[in-house]
Amino acid sequence: MASITIRNLDDHIKQRLRVRAAEHGRSM
Numbered sequence: 036m037a038s039i040t041i042r043n044l045d046d047h048i049k050q051r052l053r054v055r056a057a058e059h060g061r062s063m
């Protein structure tokens with residue numbers, strides 16, 4: 036249960052970082 040929550044948070048963080056990088060014009 037906890038691992039799933041951490042997994043979802045990790046995916047959300049990765050998505051936010053990807054969007055932020057895209058806004059700065061960087062490719063990941």
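The opening residue of the sequence shown carries number 36 in our numbering; numbering runs sequentially from there. Cβ coordinates follow ideal geometry from the N, Cα and C atoms, glycine included.
At what residues does the alpha helix (DSSP H) containing residue i begin and finish?
i, result
"Ser47", "What sits at residue 47 in the sequence shown is His, not Ser. Unbroken alpha helix (DSSP H) run through His47: 37-58."
Between the alpha carbons of residue i and residue j, how many angstroms are there, rounded?
i, j, result
"Ile48", "Thr40", "12 Å"
"Glu58", "Gln50", "12 Å"
"Asn43", "Val54", "17 Å"
"Asp45", "Leu52", "10 Å"
Leaving out the 5 sequence neighbours to the left and right, which residues in its chain are closer than 6 Å to residue i when beta-carbon positions are compared?
i, result
"Ser38", "none"
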